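Numbering-wise, my numbering comes out as the position in the sequence shown, counting from 1, plus 8.
The structure under discussion appears below in the form of structure tokens.
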Amino acid sequence: MKIKLTNVFSLIISKGTTFSLLTSLFLFSFSAISQTTTVSVPGQTNPRTIFVYAPSSIPQNRPLVISMHGLNQDINYQKGQAKWELVADTAKIVVVYPAGEGNSWDINGTKDTDFILAIIESMVTRFGIDRNKVYVSGFSMGGMMCYNVANKIANKVAAIGPVSGYLFGNTVASSRPMPIIHVHGTADDVVHYEPFNNQQGVVAMLQKWRTWNQCPATGTRTTPYPVNKPTSKSVREYWGPCKNSEVELISLDGKGHWHSNDAAGVITTYELWRFFRRHSLGSSIVLPTVSLSAPANNATYTIPASITLSATATKTGGSISKVEFYNGTTKLGEDISSPYSYSWTNVAKGSYTITAVATDNVGGKATSTAVNIKVNIPQGPYNGIVHSIPGTIQAEEFDSGGNGIAYNDDSPGSSVTPAISFRTDEDVDLETCTDAGGGYNLGLATSGEWLEYTVNVASSGNYNLNLRVACNGDGRTVNLSMDGSPIAGNIAIPNTTGWQTWTNKTMNNIPLTAGQHVLRLTIGTSSYVNINYLTFSSIITGLEEKSVESSLQLFPNPSLDGYFYLGLTAQWQVYNAMGELILQGNDNKVNLSDYASGVYFLETKYGKFKLLRQ
Numbered sequence: 009m010k011i012k013l014t015n016v017f018s019l020i021i022s023k024g025t026t027f028s029l030l031t032s033l034f035l036f037s038f039s040a041i042s043q044t045t046t047v048s049v050p051g052q053t054n055p056r057t058i059f060v061y062a063p064s065s066i067p068q069n070r071p072l073v074i075s076m077h078g079l080n081q082d083i084n085y086q087k088g089q090a091k092w093e094l095v096a097d098t099a100k101i102v103v104v105y106p107a108g109e110g111n112s113w114d115i116n117g118t119k120d121t122d123f124i125l126a127i128i129e130s131m132v133t134r135f136g137i138d139r140n141k142v143y144v145s146g147f148s149m150g151g152m153m154c155y156n157v158a159n160k161i162a163n164k165v166a167a168i169g170p171v172s173g174y175l176f177g178n179t180v181a182s183s184r185p186m187p188i189i190h191v192h193g194t195a196d197d198v199v200h201y202e203p204f205n206n207q208q209g210v211v212a213m214l215q216k217w218r219t220w221n222q223c224p225a226t227g228t229r230t231t232p233y234p235v236n237k238p239t240s241k242s243v244r245e246y247w248g249p250c251k252n253s254e255v256e257l258i259s260l261d262g263k264g265h266w267h268s269n270d271a272a273g274v275i276t277t278y279e280l281w282r283f284f285r286r287h288s289l290g291s292s293i294v295l296p297t298v299s300l301s302a303p304a305n306n307a308t309y310t311i312p313a314s315i316t317l318s319a320t321a322t323k324t325g326g327s328i329s330k331v332e333f334y335n336g337t338t339k340l341g342e343d344i345s346s347p348y349s350y351s352w353t354n355v356a357k358g359s360y361t362i363t364a365v366a367t368d369n370v371g372g373k374a375t376s377t378a379v380n381i382k383v384n385i386p387q388g389p390y391n392g393i394v395h396s397i398p399g400t401i402q403a404e405e406f407d408s409g410g411n412g413i414a415y416n417d418d419s420p421g422s423s424v425t426p427a428i429s430f431r432t433d434e435d436v437d438l439e440t441c442t443d444a445g446g447g448y449n450l451g452l453a454t455s456g457e458w459l460e461y462t463v464n465v466a467s468s469g470n471y472n473l474n475l476r477v478a479c480n481g482d483g484r485t486v487n488l489s490m491d492g493s494p495i496a497g498n499i500a501i502p503n504t505t506g507w508q509t510w511t512n513k514t515m516n517n518i519p520l521t522a523g524q525h526v527l528r529l530t531i532g533t534s535s536y537v538n539i540n541y542l543t544f545s546s547i548i549t550g551l552e553e554k555s556v557e558s559s560l561q562l563f564p565n566p567s568l569d570g571y572f573y574l575g576l577t578a579q580w581q582v583y584n585a586m587g588e589l590i591l592q593g594n595d596n597k598v599n600l601s602d603y604a605s606g607v608y609f610l611e612t613k614y615g616k617f618k619l620l621r622q
């Protein structure tokens, strides 16, 4: 609404009001203020020129933005580039464009910081601006002046927004952490983006301020930026929260030495205001809080996986604009209303790191604690090869399918150092084995952990088991089950006094049923045992010595030297106590002189016999 002056006069005359009231009403105009004026600076002879813009009906306690021109430029040039009036009308802020003496700025001394202080006091008097919400921006040399303001009068300015300008020296001397948003073209050939001659470059300069502000060492990178402009070539890098501050760099890819007013990319002034309005002197930065409520950390899934990602997000004194869900740095999706969730479908096999990023109503961002998940293939034999019984099962060749499905390991990843390059996507602790045959062994296995193996039993019957084990301690046991039913419990593991000192542990007469089954090996109540392999061997039946009507005469038996004579030439095979074939021939004697004392079994067409090697 705008009251015409003639109507005011008519109103006053009709009521007989004094001229002083007329003057008051005239000053209380509803139109915007847009004028060039001057301010006096204490200690300086000449008044300084400023241009002031204040939207109509602006209330008190509103923010002030001071926007400074570059070297050899002026107020009109800065107004035409920055266009702060477009923001001021909707945000209800006061904007001042100051003029540097000789179109330049004192970027090291106090002459122009005193000018800034005088502007602030003038705007307090005229508009009752909020002293805690004064923001300073500038282009080129005006951007350099922003950093001088931060160093000299940080207690008067809530945040700075330099554009295409920074101090060339190593000066960071702010009296407090200073929130900074810096916008710069990567192709700037005046104040260079990269180091050039005596110019330190944007990244090196901001690194000093990030250190001063106690910011995180690693920032977050958003590209393209803004995210709702897919053809934009700009990049946003953010470090925060820092100590009562934050630092942001918007890099305008391929842009030169100018303000960006790119409708398909960055509009510089809008970005500056988005950042400024989050900051106030005397208050900490209030960022949103966000946490993932689903999935649980270290959760496992089976392909093709459908995973619901859920998050909770809040902002004290504000609202949440959106929550985005990420796998690493790849955005999966977003939700703009609570409860925040995203359905991730057809997830392939692999390990994933999930985070949620909440954005508040003024552009503040916060990232949740990461959650690690794993998507596995369905349980099945390793490399698709079913283990045969009788036969040997290498401990490291447990089924595929992942933690909680094909095995249970109480800690993600491998605890073994140095890590090996075998089955690195699994959580089972495997290590290089120094036993005969090399390869790998199960190591650091703890109480209650288990592994499963898909096996095929050739025929029903009793089998002997040989466990190849190493252990540096007493009281260790393991248990075996088949399809959920126990087949051998509390198998005592001997103390071999070393984790790579291997021995055999045997269990005899284990009944198994023919066909395909799932064998489970479980560690007992005491932790830590190493396992290399399991060997099942069939038991030779009908071992009773036969009296045969033939000229086969087995002597001597027992044998001290390991030689057994048959009394005739015949085909024969010798098996050890595990049922493993160790020797065969077609002659009239068996030579076990190279074998240890014990019981062996001879099989011929005349029958099966027990050999005692002493």
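Glycine is no exception: its CB is placed at the ideal position from the N, C-alpha and C atoms.
Note that the structure is predicted; figures quoted are calculated from it, not measured.
With residue 65 as the anchor, note down where its beta strand (DSSP E) starts and where it stops. In the sequence shown, the residue the question calls residue 65 occupies position 57. Premise fails: residue 65 is in no beta strand (DSSP E) and is neither H nor E.
By a C-beta neighbour count over all protein chains shown, 10 Å radius and 16 as the cutoff for buried, is residue 55 buried or exposed? Within the sequence shown, numbered from 1, the residue matching residue 55 stands at position 47. That one is exposed.
For residue 156, count the other beta carbons within 10 Å of its own beta carbon; 16 or more makes it buried, fewer makes it exposed. Which is it? As a position in the sequence shown, residue 156 is number 148, starting the count at 1. By the C-beta density criterion, residue 156 is buried, having at least 16 other C-beta atoms within 10 angstroms.
Would you kindly work out how many angstroms separate the C-alpha atoms of residue 289 and residue 227, rounded to a whole number? In the sequence shown, counting from the first residue as 1, residue 289 sits at position 281. In the sequence shown, counting from the first residue as 1, residue 227 sits at position 219. CA-CA distance, residue 289 to residue 227, rounds to 24 Å.
Quick check on residue 211: does DSSP put it in helix, strand or coil? Reading the sequence shown from its first residue, position 203 is the one you call residue 211. Helix at residue 211.
Would residue 165 pass as a contact of residue 180 if the rule is Cβ separation under 7 Å? For this step, residue 165 is matched to residue 157 along the sequence shown. For this step, residue 180 is matched to residue 172 along the sequence shown. In this structure, residue 180 does not lie closer than 7 Å to residue 165 by Cβ.
On the DSSP bridge list, what partners appear for residue 265? Taking the sequence shown and counting its residues from 1, one reaches residue 265 at position 257. Within the DSSP secondary-structure output, residue 265 pairs in no beta bridge.
If you draw a straight line from the C-alpha of residue 184 to the C-alpha of residue 382, how long is it? Counted from its first residue, the sequence shown places residue 184 at position 176. Counted from its first residue, the sequence shown places residue 382 at position 374. Answer to the nearest angstrom: the Cα atoms are 45 Å apart.
Backbone secondary structure at residue 279 - three-state DSSP: Residue numbering aside, residue 279 sits at position 271 when the sequence shown is read from its first letter. It is helical.
Nearest to residue 65 by CA position, among 187, 136, 81 and 116, is which residue? Mapped onto the sequence shown, residue 65 falls at position 57. Checking every option, the nearest Cα to that of residue 65 belongs to 136.
Residue interval of the beta strand (DSSP E) (run including residue 508): To locate residue 508, count along the sequence shown from 1; it is residue 500. Segment 506-520, the beta strand (DSSP E) holding residue 508.
Between the Cα of residue 2 and those of 434, 428 and 596, spot the shortest distance and give me the residue it belongs to. The requested residue 2 does not occur in the structure, where the chain is confined to residues 9 to 622.
Determine the burial state of residue 86: buried for a count of at least 16 other Cβ atoms within 10 Å of its Cβ, exposed for fewer. Along the sequence shown, read from residue 1 onward, the residue named residue 86 stands at position 78. The residue in question, residue 86, is buried, as its Cβ has 16 or more Cβ neighbours within 10 Å.
Have a look at residue 141 and residue 49 and give me their C-alpha separation to the nearest angstrom. Within the sequence shown, residue 141 is the residue found at index 133, counting from 1. Within the sequence shown, residue 49 is the residue found at index 41, counting from 1. Distance from the CA atom of residue 141 to the CA atom of residue 49, rounded to whole angstroms, is 21 Å.
According to DSSP, which residues form a beta bridge with residue 170? Against the sequence shown, residue 170 aligns to sequence position 162. As computed with DSSP, residue 170 is found in a beta bridge with 146.
Mapping DSSP to helix, strand and coil, what is residue 595? The sequence position of residue 595 within the sequence shown is 587, counting from 1. It is a strand residue.
Rounded Cβ spacing between residue 308 and residue 416 (contact assumed at less than 8 Å): By one-based count along the sequence shown, residue 308 stands at place 300. By one-based count along the sequence shown, residue 416 stands at place 408. Contact doesn't hold; Cβ gap of about 11 Å is too wide.
Using 8 Å as the cut-off, can you tell me whether the stretch 222-237 makes contact with the stretch 194-202, which would need three or more C-beta pairs spanning the two stretches below that distance? Taking a cut-off of 8 Å on C-beta distances, the stretch 222-237 does not touch the stretch 194-202, as fewer than three cross pairs fall below it.
Three-state secondary structure assigned by DSSP to residue 38: What you label residue 38 is simply residue 30 of the sequence shown in a count that begins at 1. Bear in mind that a pLDDT of 49 at residue 38, under 50, signals an unreliable position, so the model cannot answer this.
Nearest-angstrom beta carbon gap, residue 51 and residue 122 [assumed within contact, 8 Å]: In the sequence shown, residue 122 corresponds to position 114, counting from 1. In the sequence shown, residue 51 corresponds to position 43, counting from 1. Sure, about 7 Å apart at Cβ, within 8 Å.
Let's see if you can read the secondary structure: which residues bound the beta strand (DSSP E) around residue 572? Here residue 572 refers to the residue found at position 564 when the sequence shown is read from its first residue. 571-583 is the extent of the beta strand (DSSP E) around residue 572.
Using a threshold of 7 Å, state whether the C-beta atoms of residue 594 and residue 576 are closer than that. What you label residue 594 is simply residue 586 of the sequence shown in a count that begins at 1. What you label residue 576 is simply residue 568 of the sequence shown in a count that begins at 1. Contact: no.
Nearest by alpha-carbon distance to residue 270: which of 89, 450 and 437 is it? On the sequence shown, position 262 is the one that residue 270 refers to. Across the set 89, 450 and 437, the C-alpha of 89 shows the shortest separation from the C-alpha of residue 270.
For a test of the three-state rule: what should DSSP assign to residue 186, helix, strand or coil? Mapped onto the sequence shown, residue 186 falls at position 178. The answer is coil: DSSP assigns residue 186 none of H, G, I, E or B.
Please report the distance separating the alpha-carbon of residue 63 from that of residue 256. Within the sequence shown, numbered from 1, the residue matching residue 63 stands at position 55. Within the sequence shown, numbered from 1, the residue matching residue 256 stands at position 248. Put simply, the backbone Cα of residue 63 is about 28 Å away from that of residue 256.
So, at 6 Å on beta carbons, what are the nonlocal neighbours of residue 498 in its own chain, with the 5 sequence-adjacent residues on each side left out? On the sequence shown, residue 498 is found 490 positions in, with the first residue counted as 1. Within the same chain, and ignoring the five residues on either side of residue 498 in sequence, the residues whose Cβ sits closer than 6 Å to its Cβ are 485.
How about residue 443 and residue 540: do their beta carbons lie closer than 7 Å? Within the sequence shown, numbered from 1, the residue matching residue 443 stands at position 435. Within the sequence shown, numbered from 1, the residue matching residue 540 stands at position 532. Residue 540 is positioned such that its CB atom lies closer than 7 Å to that of residue 443.
Entirely enclosed beta strand (DSSP E) segments - the stretch 332-412, minimum 3 residues: Every beta strand (DSSP E) of 3 residues or more that sits fully in the stretch 332-412 is shown, in chain order, as 338-343, 348-355, 358-368, 373-375, 379-384, 395-397 and 399-402.
Using the Cβ count rule (16 or more neighbours within 10 Å means buried), how would you classify residue 422? One-based indexing of the sequence shown puts residue 422 at position 414. Label assigned to residue 422: buried.
Of all Cβ atoms in chain D, is any one closer than 7 Å to the Cβ of residue 512? Absence of chain D from the displayed structure is noted, only one protein chain being present.
Can you list, in chain order, the residues of its chain whose CB lies under 7 Å from that of residue 388, leaving out five sequence neighbours each side? Here residue 388 corresponds to residue number 380 of the sequence shown, with the count starting at 1. If we look at residue 388 and ignore the five residues flanking it on each side, its Cβ neighbours are 407, 408, 409 and 462.
Under the rule that 16 or more other beta-carbon atoms within 10 Å means buried, what is residue 254, buried or exposed? Here residue 254 is taken as the residue at index 246 of the sequence shown, counted from 1. Buried, by the Cβ-count rule.
Here's a check: name, in chain order, each residue in its chain whose Cβ is nearer than 8 Å to the Cβ of residue 586, leaving out the five neighbours to either side. Start at 1 with the first residue of the sequence shown, and residue 586 comes out as number 578. In its chain, beyond the 5 residues on either side, 472, 474, 514, 543 and 545 have a beta carbon closer than 8 Å to the beta carbon of residue 586.
Close-in-space but distant-in-sequence residues of the same chain around residue 396 (CB under 8 Å, 5 per side omitted): To locate residue 396, count along the sequence shown from 1; it is residue 388. Once the five neighbours on either side are set aside, the close Cβ partners of residue 396 are 463, 464 and 466.
Measure the CB-CB distance between residue 149 and residue 173 and report whether it falls below 7 Å. Locating residue 149 in the sequence shown gives position 141, where the first residue counts as 1. Locating residue 173 in the sequence shown gives position 165, where the first residue counts as 1. Going by C-beta atoms, residue 149 is nearer than 7 Å to residue 173.
Distance, residue 366 Cα to residue 373 Cα: For the purposes of this step, residue 373 is taken as the residue at position 365 of the sequence shown. For the purposes of this step, residue 366 is taken as the residue at position 358 of the sequence shown. When rounded, the distance between both Cα atoms is 6 Å.
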